[in-house]
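Engineer:
Protein chains: 2
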Amino acid sequence: MQVEDIDMINDSKNPSPAHLLDPSPEQIRSWANAAVELMAEYLGTIRNRRVYPYTSSRQIRERLDSSLPKEPVNFDELLHTFRSTLIELSRHNGHPRMFGYVQAPGTAIAAFADLLSSTLNANLTAWRSAPAAVEIERLTIDWIKQIIGFDRDAAGLFVSGGSMANMAALAAARRAKAPPEIQNKGAQSCAKALRVYASEETHHTVAKAAALLGIGHDNVRLISVDERYKINLHELVAAIEEDRTAGHLPICVVANAGTVATGAFDPLSQIGEIARRFNLWLHVDGAYGGFAALAPSARPLFASIGEADSVALDPHKWLYLPVDCGCILYRDPEAARATFAHEAEYTRVIGQEADEAFAFWDYGPELSRRFRALIVWMLLKGVGLQALSEAIEKDLACARHFETLVQNSEDFEMLAPVELSIFCSRHLPAGLKRALAAASPSVREKIEEQLDAHNERLLLALQRDGSSYLSNARLRGRFSLRGCVMNYRTTLRDMEILLDDLRRVAAQL
Amino acid sequence: MQVEDIDMINDSKNPSPAHLLDPSPEQIRSWANAAVELMAEYLGTIRNRRVYPYTSSRQIRERLDSSLPKEPVNFDELLHTFRSTLIELSRHNGHPRMFGYVQAPGTAIAAFADLLSSTLNANLTAWRSAPAAVEIERLTIDWIKQIIGFDRDAAGLFVSGGSMANMAALAAARRAKAPPEIQNKGAQSCAKALRVYASEETHHTVAKAAALLGIGHDNVRLISVDERYKINLHELVAAIEEDRTAGHLPICVVANAGTVATGAFDPLSQIGEIARRFNLWLHVDGAYGGFAALAPSARPLFASIGEADSVALDPHKWLYLPVDCGCILYRDPEAARATFAHEAEYTRVIGQEADEAFAFWDYGPELSRRFRALIVWMLLKGVGLQALSEAIEKDLACARHFETLVQNSEDFEMLAPVELSIFCSRHLPAGLKRALAAASPSVREKIEEQLDAHNERLLLALQRDGSSYLSNARLRGRFSLRGCVMNYRTTLRDMEILLDDLRRVAAQL
Chain A
1 MQVEDIDMIN DSKNPSPAHL LDPSPEQIRS WANAAVELMA EYLGTIRNRR VYPYTSSRQI
61 RERLDSSLPK EPVNFDELLH TFRSTLIELS RHNGHPRMFG YVQAPGTAIA AFADLLSSTL
121 NANLTAWRSA PAAVEIERLT IDWIKQIIGF DRDAAGLFVS GGSMANMAAL AAARRAKAPP
181 EIQNKGAQSC AKALRVYASE ETHHTVAKAA ALLGIGHDNV RLISVDERYK INLHELVAAI
241 EEDRTAGHLP ICVVANAGTV ATGAFDPLSQ IGEIARRFNL WLHVDGAYGG FAALAPSARP
301 LFASIGEADS VALDPHKWLY LPVDCGCILY RDPEAARATF AHEAEYTRVI GQEADEAFAF
361 WDYGPELSRR FRALIVWMLL KGVGLQALSE AIEKDLACAR HFETLVQNSE DFEMLAPVEL
421 SIFCSRHLPA GLKRALAAAS PSVREKIEEQ LDAHNERLLL ALQRDGSSYL SNARLRGRFS
481 LRGCVMNYRT TLRDMEILLD DLRRVAAQL
Chain B
1 MQVEDIDMIN DSKNPSPAHL LDPSPEQIRS WANAAVELMA EYLGTIRNRR VYPYTSSRQI
61 RERLDSSLPK EPVNFDELLH TFRSTLIELS RHNGHPRMFG YVQAPGTAIA AFADLLSSTL
121 NANLTAWRSA PAAVEIERLT IDWIKQIIGF DRDAAGLFVS GGSMANMAAL AAARRAKAPP
181 EIQNKGAQSC AKALRVYASE ETHHTVAKAA ALLGIGHDNV RLISVDERYK INLHELVAAI
241 EEDRTAGHLP ICVVANAGTV ATGAFDPLSQ IGEIARRFNL WLHVDGAYGG FAALAPSARP
301 LFASIGEADS VALDPHKWLY LPVDCGCILY RDPEAARATF AHEAEYTRVI GQEADEAFAF
361 WDYGPELSRR FRALIVWMLL KGVGLQALSE AIEKDLACAR HFETLVQNSE DFEMLAPVEL
421 SIFCSRHLPA GLKRALAAAS PSVREKIEEQ LDAHNERLLL ALQRDGSSYL SNARLRGRFS
481 LRGCVMNYRT TLRDMEILLD DLRRVAAQL
């Protein structure tokens with residue numbers, strides 16, 4: 001044995017570079033202990049942190065060593081940076097009063113699933129590349145279909161999130177409802193403009209997908225909403241008829257199973273009837289609200305989900321999983337296959353007798369695919385649906401509790417009804433409230449603008465304060481403080497603390 | 001305190017469902033110990049496993065409990081299934097003789113990074129949502145630019161893989177080189193067919209992206225290759241000129257920085273000159289070969305990478321990271337921003353003075369984005385470029401070693417030159433070899449077909465044997481045994497074992 005070899009073995013503090021790529025079991029255990037202590041400490045103290053740090057790009061960059069790392073640094077140093085810079089200068093999405101956007105906390109059990117998934121490093125391109133992992137994905141997709149009450153013969157797969165799920169759905173809608181030669185010859189081979197319909201409350205990823213696909217951003221016709229922010233059905237029908245008369249080609253209507261601004265749930269049954277009448281693809285965007293199907297109080301909204309041709313869901317939202325776990329379901333798997341299968345391979349037979357010939361790339365845009373299904377499987381098996389159902393129901397109850405608190409208050413008002421777990425309100429200081437009540441219509445708008453400006457200042461001050469975090473929405477022109485409860489850690493008491501925080505911060509403005 | 005509360009606290013074997021979603025630090029440590037033992041055991045024994053299991057869809061499903069999981073099972077049971085079903089019935093991508101496709105092993109340090117990333121659950125939509133994590137992504141993208149020698153003013157981001165990177169590049173090419181109203185009005189607003197050029201060895205994700213984008217699959221013109229499988233430049237020029245004459249609109253040429261069949265590297269400098277001459281976007285697909293820039297022996301191939309308008313790279317390939325870490329770089333960030341930024345927001349100022357206004361969604365197709373940069377940062381910092389450079393150079397040496405072994409053999413022959421780490425060969429049994437040497441041209445094809453059939457049987461038998469794993473390629477009509485070395489565990493000795501395995505298995509056919 002060479003002297004260097006002995007050095008290499010004994011000097012565990014300075015392992016050879018090759019050992020850093022392929023560490024010994026002892027080295028793995030040592031790294032693991034340090035990483036897990038950091039994890040346990042972080043999750044154990046998350047409630048006590050400020051939700052949001054106040055920092056700048058420059059400040060963070062000054063803390064990071066920007067030089068190209070030629071030589072290795074030790075693992076403890078990496079964890080030190082993670083602790084002192086990454087944790088300190090991050091928004092804490094798992095904090096019980098993180099109410100901004102549509103943001104889930106993640107789950108410890110899923111973090112372990114991701115550890116194991118990256119250890120195995122299965123690549124779920126096709127069955128033969130990852131036999132057991134592909135079966136876990138099929139199984140968890142089947143569970144998701146059962147959870148929302150979708151067609152048992154449907155197919156689907158995990159994608160990175162709602163953007164990709166909506167894009168995949170629009171691509172499948174185009175393949176099914178527009179001339180099929182668009183895929184080979186290009187969209188200019190169809191002289192008509194393809195038209196997609198969605199309410200003006202629909203997430204902008206739908207229009208972005210239409211732009212990317214060559215359908216065109218403006219060919220997504222945004223239909224107005226009613227007083228509950230649900231799509232106006234008469235206007236939807238009129239728009240479709242108008243487009244047909246104008247020589248356009250309607251292909252798809254998008255229904256929201258929970259809009260991101262207010263949580264409005266479009267009437268699936270009636271939209272389904274309109275889609276059938278005009279031979280349109282019905283896509284349901286349930287990225288935010290889809291898993292509310294697990295909550296008994298929201299379940300009735302999903303009664304007609306079976307009408308949909310495709311459904312976008314985000315397990316990384318209301319299944320509390322870490323980001324990058326979206327899902328697209330297609331009622332007719334062949335419609336997806338016609339969209340995504342590579343021409344030369346389209347003739348292959350798949351089905352019960354040829355499960356091993358299955359390839360996910362035939363059903364979605366990606367080729368290499370990480371083992372997203374493992375976090376879903378480990379969460380559903382390890383926590384159980386009953387607990388998830390209770391946690392989601394509790395999130396709904398939190399939003400309703402806040403609505404009640406506001407309705408019983410003198411100094412706040414709701415700007416939209418609570419349908420799922422999103423609550424939109426604004427602060428009404430006594431002076432402005434009185435002025436508004438007494439105002440003539442011509443003065444009213446001016447006071448409203450003062451209220452907008454006041455609430456915008458309040459939002460920024462709340463975020464800076466750090467005890468609670470809300471984001472905002474513009475509702476019928478008015479600035480709204482918008483919150484979304486999507487966290488198993490959030491309690492009814494947290495909603496009361498939020499209102500207290502708002503009052504405390506407002507008093508300091 | 002209620003009796004149930006006491007039960008809940010004391011009976012750690014049966015924690016309440018809420019505790020499963022938000023476990024105590026003690027519970028986290030207990031889960032961690034079990035998960036890490038599994039990880040250490042798996043990685044410590046990976047060399048001794050069969051690369052590939054022989055199993056069926058039915059067999060796996062029989063081992064999995066398919067019932068919807070209403071009640072939780074304990075963590076040890078989940079790990080038991082992971083060990084007994086997932087590990088046992090998976091292809092082991094980290095095995096030193098896994099030579100199939102373009103598959104990386106993953107790295108233990110990255111698995112810990114994924115654990116931490118899923119614990120923090122940062123969502124890298126925009127700077128304000130994940131300040132420190134966004135800075136880590138910017139920093140690692142900057143390092144990648146330096147590694148391949150790309151423009152320092154370029155921008156980029158991590159995406160799920162080569163499919164998404166190539167799609168983003170084609171979308172940016174269209175925005176830059178075709179009428180911009182396509183994004184709003186749809187592709188039918190441009191009467192001309194948009195044309196993209198790439199060699200026939202180009203990965204089919206390029207044509208798939210063109211189909212999705214509405215450019216059309218057939219509008220990717222596949223140019224023939226020379227004897228080294230590099231694009232024929234004369235034919236490229238002729239095709240562009242022909243299309244212009246025919247009234248089409250050439251927009252983009254795709255150059256391969258390593259094709260997936262043979263590892264051919266298209267001549268970037270000359271293609272860059274042609275792209276400039278015809279005002280085309282130059283996209284370099286370096287998903288397989290891009291990080292070979294770290295190996296001194298491959299570095300000269302990258303001399304003209306700065307000519308490219310966009311580059312697709314896969315850190316989840318030759319940076320040995322777990323899947324779902326692709327990367328797209330754009331030389332002109334504004335070209336990307338014009339493609340992906342939402343119309344209404346396009347007027348926002350960004351730049352040095354407004355780093356905090358930065359949003360990744362303005363530069364790529366996704367909105368929610370997991371913290372992919374952490375695995376890149378932790379690997380580059382924790383292992384260091386020197387060790388990675390040596391590992392990649394060693395992978396190249398392994399492929400060259402196999403080529404030499406084959407060239408010095410009587411019973412195998414190379415079907416393509418080794419350029420990077422891909423090696424394509426076939427078995428030439430003595431009888432068929434003699435017959436081929438003596439054959440007239442008319443008989444030759446028949447013998448070739450026998451050789452194809454023989455090598456196909458050999459491949460399947462090798463995969464079933466389990467000691468080494470190759471995949472296949474069709475090269476000028478001939479069936480090739482194809483291998484790719486992309487693993488820090490693989491040694492020169494493994495290449496000799498592979499050849500021994502092939503001979504042993506061939507003898508049993």
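Chains A and B, in that order, give the protein sequences. Under my numbering, the first residue of the first sequence carries the number 1, and numbering increases by one thereafter. Under my numbering, the first residue of the second sequence carries the number 1, and numbering increases by one thereafter. All C-beta atoms, glycine included, are put in the ideal place defined by N, C-alpha and C.
Closer than 9 Å by beta-carbon distance: list the chain A residues that pair up with I87/B, in chain order.
Structural biologist: By Cβ distance, chain A contributes L120, A132.
Engineer: What separation, rounded to the nearest whole angstrom, lies between the Cα atoms of G214/A and P69/A?
Structural biologist: About 42 Å.
Engineer: G153/A: buried (16+ other C-beta within 10 angstroms of its C-beta) or exposed?
Structural biologist: Residue identity check: residue 153/A is Asp in the sequence provided, not Gly. With fewer than 16 Cβ atoms within 10 Å of its Cβ, D153/A is classed as exposed.
Engineer: Taking I447/B and L432/B to be in contact with their CB atoms under 8 Å, please state how far apart those CB atoms are, rounded to whole angstroms.
Structural biologist: Between L432/B and I447/B the Cβ distance is about 6 Å, and since that is below 8 Å, they are a contact.
Engineer: Check whether the segment 174 to 189 of chain A and the segment 198 to 218 of chain B are in contact - that is, three or more C-beta pairs closer than 8 Å.
Structural biologist: In short, these stretches touch, since the Cβ pair count reaches three.
Engineer: Taking the CB atoms as reference points, tell me whether S310/A and N256/A lie closer together than 8 Å.
Structural biologist: Not closer than 8 Å, so no.
Engineer: Quick check: is the beta carbon of T55/B nearer than 8 Å to any beta carbon in chain A?
Structural biologist: Chain A contact via Cβ: present.
Engineer: On the criterion of 16 or more Cβ atoms from any shown chain inside 10 Å, does P300/B qualify as buried, or is it exposed?
Structural biologist: Exposed is the call here.
Engineer: So, with DSSP's three-state summary, where would you put C325/B?
Structural biologist: C325/B falls in the coil class under three-state DSSP.
Engineer: Should the segment 165 to 176 of chain B be called in touch with the segment 191 to 210 of chain B, which here means at least 3 C-beta pairs below 8 Å?
Structural biologist: Short answer: they touch.
Engineer: Determine whether the beta carbon atoms of R489/B and G94/B lie at a separation below 8 Å.
Structural biologist: The answer is yes: Cβ separation under 8 Å.
Engineer: Report the partner residues of C484/B according to the DSSP bridge assignment.
Structural biologist: DSSP output for C484/B lists I422/B as bridge partner(s).
Engineer: Please confirm if A32/B has its CB atom under 8 Å from at least one CB of chain A.
Structural biologist: Yes - at least one Cβ of chain A is within 8 Å of the one on A32/B.
Engineer: Mapping DSSP to helix, strand and coil, what is S117/B?
Structural biologist: Here S117/B sits in helix by DSSP.
Engineer: Residues of the segment 210 to 223 of chain A in Cβ contact with chain B at a cutoff of 9 Å, in chain order, please.
Structural biologist: If the cut-off is 9 Å between Cβ atoms, the segment 210 to 223 of chain A has A210, A211, L212, L213, G214, I215, G216, H217, D218, N219 near chain B.
Engineer: Between the segment 379 to 399 of chain B and the segment 281 to 290 of chain B, are three or more C-beta pairs nearer than 8 Å?
Structural biologist: Counting Cβ pairs under 8 Å, fewer than three are found: no touch.
Engineer: With 9 Å as the C-beta to C-beta threshold (strictly closer), list the residues of the segment 190 to 209 of chain B near chain A in chain order.
Structural biologist: Under the 9 Å Cβ criterion, the segment 190 to 209 of chain B contributes C190, A191, K192, A193, L194, H203, H204, T205, A207, K208, A209.
Engineer: Out of curiosity, what's the CA-to-CA distance linking A178/B and N279/B?
Structural biologist: Taking the straight line joining both Cα atoms gives about 11 Å.
Engineer: Find the residues of chain B that neighbour E356/A, judging by a C-beta separation of less than 8 Å, and give them in chain order.
Structural biologist: Result: S56, S57.
Engineer: Mind reading off the beta-carbon distance from L451/A to G258/A? Whole number of angstroms is fine, and I expect it under 8 Å.
Structural biologist: Between G258/A and L451/A the Cβ distance is about 27 Å, and since that is not below 8 Å, they are no contact.
Engineer: Per DSSP, which residues does D285/B bridge with? Please list them.
Structural biologist: Per DSSP, N256/B, A312/B.
Engineer: Give the range of the beta strand (DSSP E) segment to which N472/B is assigned.
Structural biologist: Its beta strand (DSSP E) spans residues 471 to 475.
Engineer: If you draw a straight line from the alpha carbon of G162/B to that of A453/A, how long is it in whole angstroms?
Structural biologist: For G162/B and A453/A, the distance between alpha carbons rounds to 45 Å.
Engineer: Find the nearest neighbour of A295/B within the set E307/B, H316/B, E390/B, R276/B, judged by alpha-carbon distance.
Structural biologist: When only C-alpha atoms are compared, the closest one is E390/B.
Engineer: Give, in chain order, every residue of the segment 251 to 284 of chain B whose Cβ lies closer than 7 Å to some Cβ of chain A.
Structural biologist: If the cut-off is 7 Å between Cβ atoms, the segment 251 to 284 of chain B has nothing near chain A.
Engineer: Which same chain residues, not among the five before or five after F360/B, have their C-beta less than 7 Å away from its C-beta?
Structural biologist: For F360/B, where only same-chain residues beyond five positions count, the Cβ hits under 7 Å are L124, T125, A126, L157, R369.
Engineer: Taking DSSP as the reference, what is the three-state secondary structure of V383/B?
Structural biologist: It is helical.
Engineer: Any C-beta of chain A within less than 8 Å: which residues of the segment 315 to 338 of chain B qualify?
Structural biologist: Hits within the stretch, in order: H316, Y320, P322, V323, D324, G326.
Engineer: Contact between the segment 325 to 343 of chain B and the segment 131 to 140 of chain A: three or more CB pairs below 8 Å?
Structural biologist: Too few Cβ pairs lie closer than 8 Å, so no.
Engineer: Quick check on the burial criterion: 16 or more other C-beta atoms within 10 angstroms. Buried or exposed for F82/B?
Structural biologist: Looking at its Cβ environment, which holds 16 or more other Cβ atoms inside 10 Å, F82/B is buried.
Engineer: Checking the sheet assignment: what are the DSSP bridge partners for V237/B?
Structural biologist: Bridge partners of V237/B: none, in fact.
Engineer: Name the chain B residues whose beta carbon is nearer than 7 Å to that of D114/A?
Structural biologist: Result: D114, L115, S118.
Engineer: By Cβ distance, which residues of its chain are closer than 8 Å to A130/A, with the 5 residues on each side in sequence left out?
Structural biologist: The answer, listed in chain order, is A122, N123, L124, F371.
Engineer: With a threshold of 16 other CB atoms inside 10 Å of the CB of S84/A, please say whether the residue is buried or exposed.
Structural biologist: S84/A is exposed by the Cβ-count criterion.
Engineer: Just the Cα atoms here: how many angstroms apart are L329/A and R128/A?
Structural biologist: Approximately 22 Å, taken between the alpha carbons.
Engineer: Judging by CA-CA distance, which residue of Y229/A, P250/A, L233/A is the nearest neighbour of K192/A?
Structural biologist: Residue P250/A is the option with its Cα nearest to K192/A.
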